Amino acid sequence: MEPTIVTLGTGGGPIARSERAETSTAILVDHRTYLVDAGAGTLLRLAAAHIPLSSIAGIFITHYHIDHTGDLPALIGTRWVNRIYAPLPIVGPPGVEDITSGICRFLEPTRQARTGKIDAAPTPCSTLVPVTLKGPLREFDGKDFRLTAVLNTHYHGETARAAESLSFRFEFPHKTLYFTGDTGPSSAIISHANGSDTLISEVIDEEKMRIYLKAHYPNMNSSEMKALLVHMTSEHLTPLQVGELAKQTHVNSVILTHIVPGLDAETDDSQYTSGVKSQFTGPVYLSHDLMCFGSGSDHKI
Ligand SMILES: [Zn+2]
Ligand SMILES: [Zn+2]
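The numbering of the sequence shown is our numbering, which starts it at 21 and goes up by one.
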């Protein structure tokens with residue numbers, strides 16, 4: 021069975037918006053749901069997409085920036101209180117043990133407040149299966165797919181020594197999906213993504229983000245602002261860079277998500293798509309929350 025992709029949250033950030041939740045993408049296959057990232061708003065968007073919490077069979081986190089993890093406590097806590105006790109793999113780079121154990125500590129007062137009502141229920145922790153992607157292969161064998169991951173270029177210098185950011189290749193029997201996660205240009209991604217069917221990529225409009233940051237971070241000093249702008253311009257992908265990546269990896273289609281800044285008032289999608297289309301001739305989709313792609317949808321991938 022071919023997977024269907026649902027873009028639950030399409031905003032990169034963190035920026036609080038009404039029209040775009042923070043980053044999360046669902047892959048649906050044979051009544052199972054796999055989440056790639058779980059930014060703030062994921063729980064609400066799952067409900068809007070009529071995707072039951074009980075169908076979630078794994079959560080895959082590319083890296084631990086808050087726009088990719090913000091709704092993990094809500095998902096795990098709500099799932100647990102709703103008596104969904106199937107084991108849930110939480111898969112990501114080193115740090116996933118800290119993330120899951122921290123959420124369990126966060127939920128412990130909630131569990132204590134319920135003692136006596138759900139005596140036989142397992143603890144939230146007992147249903148979670150943290151899986152660290154490490155070693156040269158960084159792989160995970162799921163029921164429906166094989167996942168491999170590579171280090172990307174979202175982190176440099178001191179940050180790269182302390183943390184890892186990954187890109188994911190999901191190989192389903194008849195479709196390969198590639199998630200860039202957050203990254204700058206990366207030769208590792210070009211090799212790893214080669215021959216995928218669909219590239220699900222982040223994208224940034226650097227000039228718009230520069231204007232946004234200067235307007236919204238008035239208390240940031242000039243050296244902090246300079247460092248943030250370097251991060252935004254060298255550790256993310258412009259539309260032109262996404263197009264080059266799509267061309268170099270010979271994918272069939274591109275879905276843009278993690279739109280930055282992706283503000284509510286934006287109406288012109290071409291600011292994100294035209295640079296991609298200048299390099300790549302296949303279908304290029306600028307996603308909005310709750311769009312469907314692939315099997316059973318109008319958007320072919
Ligand atoms: Zn991000
Ligand atoms: Zn990030």
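All C-beta atoms, glycine included, are put in the ideal place defined by N, C-alpha and C.
For clarity, every value in this text was computed on a predicted model and none was experimentally measured.
In three-state DSSP terms, what is Tyr232? In the sequence shown, counting from the first residue as 1, residue 232 sits at position 212. Note: Tyr232 maps to helix in three-state DSSP.
Whole-angstrom distance between Glu244 and Asp318, CA atom to CA atom: Position 298 of the sequence shown, counting from 1, holds the residue named residue 318. Position 224 of the sequence shown, counting from 1, holds the residue named residue 244. Taking the straight line joining both Cα atoms gives about 44 Å.
Exposure of His194, with buried meaning 16 or more beta-carbon neighbours within 10 Å: For the purposes of this step, residue 194 is taken as the residue at position 174 of the sequence shown. Exposed is the call here.
Exercise answer, beta-carbon shell around ligand 2 heavy atoms below 5 Å: His85, Asp202
Ends of the beta strand (DSSP E) at Gly177? Position 157 of the sequence shown, counted from the first residue, corresponds to residue 177. Gly177 -> not in any beta strand (DSSP E); alpha helix (DSSP H) instead, spanning 177-182.
From what residue to what residue does the alpha helix (DSSP H) around Leu186 run? Here the question's residue 186 lines up with position 166 in the sequence shown. Looking at the DSSP string, Leu186 is not in any alpha helix (DSSP H); the run it does join, the beta strand (DSSP E), is 186-192.
DSSP-derived helix/strand/coil call for Tyr237: Along the sequence shown, one-based indexing puts residue 237 at 217. In the structure shown, Tyr237 sits in coil (DSSP, three-state: anything other than H, G, I, E or B).
Whole alpha helix (DSSP H) elements within the stretch 58-96, 4-residue minimum: 62-68, 86-89
Can you tell me which of the three DSSP states Leu310 falls into? Residue mapping note: residue 310 aligns to position 290 of the sequence shown, counting from 1. If DSSP states are grouped into helix, strand and coil, Leu310 belongs with coil.
Could you tell me how far apart the beta carbons of Ile110 and Val116 are, in whole angstroms, since I believe they sit closer than 8 Å? Here the question's residue 110 lines up with position 90 in the sequence shown. Here the question's residue 116 lines up with position 96 in the sequence shown. Ile110 to Val116, Cβ: 6 Å. Contact.
What number of angstroms, rounded off, separates the C-alpha of Asp217 from the C-alpha of Asn272? Translated into the one-based positions of the sequence shown, residue 217 becomes position 197. Translated into the one-based positions of the sequence shown, residue 272 becomes position 252. Distance between the alpha carbons of Asp217 and Asn272 is about 5 Å.
May I ask you to list the residues that DSSP assigns as paired with Val26? Looking up residue 26 in the sequence shown gives position 6. Val26 pairs with Ala46, Cys312.
In the DSSP assignment, the beta strand (DSSP E) including Ala169 goes from what residue to what residue? Residue numbering aside, residue 169 sits at position 149 when the sequence shown is read from its first letter. First-last of the beta strand (DSSP E) with Ala169: 166-171.
Of the residues Arg181, Gly215, Leu153, the one placed nearest Lys267, counting alpha carbons only: By 1-based counting over the sequence shown, the position of residue 267 is 247. When each option's Cα is compared against that of Lys267, the closest is Gly215.
Below 8 Å between beta carbons: does that hold for Thr173 and Gly201? The sequence position of residue 173 within the sequence shown is 153, counting from 1. The sequence position of residue 201 within the sequence shown is 181, counting from 1. No, Cβ-Cβ distance for Thr173 and Gly201 is not below 8 Å.
In the DSSP assignment, what residue or residues form a beta bridge with Phe199? Here the question's residue 199 lines up with position 179 in the sequence shown. For Phe199, which the question treats as bridged, DSSP gives the partners Phe188, Ile220.
Could you name the residues of the same chain whose beta carbon sits closer than 6 Å to that of His278, not counting the 5 residues immediately before and after it, in chain order? Along the sequence shown, one-based indexing puts residue 278 at 258. So the list reads Gly32, Thr43, Glu222, once near-sequence residues are dropped.
Is Thr27 near ligand 1, with its Cβ less than 7 Å from a heavy atom? For the purposes of this step, residue 27 is taken as the residue at position 7 of the sequence shown. False, no ligand heavy atom lies under 7 Å from that Cβ.
Quick check on the DSSP output: the alpha helix (DSSP H) that includes Arg125 runs from which residue to which? Position 105 of the sequence shown, counted from the first residue, corresponds to residue 125. Note, Arg125: alpha helix (DSSP H), 116-133.
Considering only heavy atoms of ligand 1, does any lie closer than 7 Å to the CB of Asp87? Along the sequence shown, one-based indexing puts residue 87 at 67. Asp87 Cβ: within cutoff of ligand 1.
Backbone CA spacing between Ala106 and Arg52 [nearest angstrom]: The count along the sequence shown starts at 1 and reaches residue 106 at position 86. The count along the sequence shown starts at 1 and reaches residue 52 at position 32. Ala106 and Arg52: Cα-Cα distance of roughly 12 Å.
Among the residues of its own chain, which have a CB less than 6 Å from the CB of Arg134, if the five just before and after it don't count? Here residue 134 refers to the residue found at position 114 of the sequence shown. Nothing listed; no residue qualifies.
Who are Arg52's beta bridge partners in DSSP? In the sequence shown, residue 52 corresponds to position 32, counting from 1. Answer by DSSP bridge pairing, in chain order: Val49.
Three or more C-beta pairs closer than 8 Å, one from the stretch 229-243 and one from the stretch 284-297: is that the case here? no
For Val271, does the three-state DSSP call read helix, strand or coil? What you label residue 271 is simply residue 251 of the sequence shown in a count that begins at 1. Of the three classes helix, strand and coil, the one that applies to Val271 here is coil, per DSSP.
For ligand 1, is there a heavy atom less than 7 Å away from the beta-carbon of Thr179? To locate residue 179, count along the sequence shown from 1; it is residue 159. For ligand 1, not one heavy atom lies less than 7 Å from the Cβ of Thr179.
Mind checking Met21: buried by the 16 CB within 10 Å criterion, or exposed? Position 1 of the sequence shown, counting from 1, holds the residue named residue 21. Per the 10 Å Cβ criterion, exposed.
If we call anything under 8 Å between Cβ atoms a contact, is Ser184 one with Leu171? Position 164 of the sequence shown holds residue 184. Position 151 of the sequence shown holds residue 171. In the sequence under discussion, the amino acid at residue 184 is Glu, which differs from the Ser named in the question. Yes, the pair counts as a contact, with Cβ atoms nearer than the cut-off.
Would you tell me roughly how many angstroms separate the C-alpha atoms of Tyr198 and Ser75, rounded to the nearest one? Residue mapping note: residue 198 aligns to position 178 of the sequence shown, counting from 1. Residue mapping note: residue 75 aligns to position 55 of the sequence shown, counting from 1. One C-alpha to the other measures close to 22 Å.
Straight-line Cα distance separating Pro113 from Arg166: Working through the sequence shown from its first residue, we reach residue 166 at position 146. Working through the sequence shown from its first residue, we reach residue 113 at position 93. Cα to Cα, the separation comes out at about 16 Å.
Can you look up Thr98 in the DSSP assignment and give me helix, strand or coil? Residue mapping note: residue 98 aligns to position 78 of the sequence shown, counting from 1. Helix.
Can we count Gly32 as close to ligand 1, meaning its CB is less than 7 Å from some heavy atom? Residue mapping note: residue 32 aligns to position 12 of the sequence shown, counting from 1. Gly32: yes, Cβ under 7 Å from ligand 1.
Could you check how far apart the C-beta atoms of Leu233 and Leu248 are, in whole angstroms? I think they sit under 8 Å. For the purposes of this step, residue 233 is taken as the residue at position 213 of the sequence shown. For the purposes of this step, residue 248 is taken as the residue at position 228 of the sequence shown. Leu233 to Leu248, Cβ: 6 Å. Contact.
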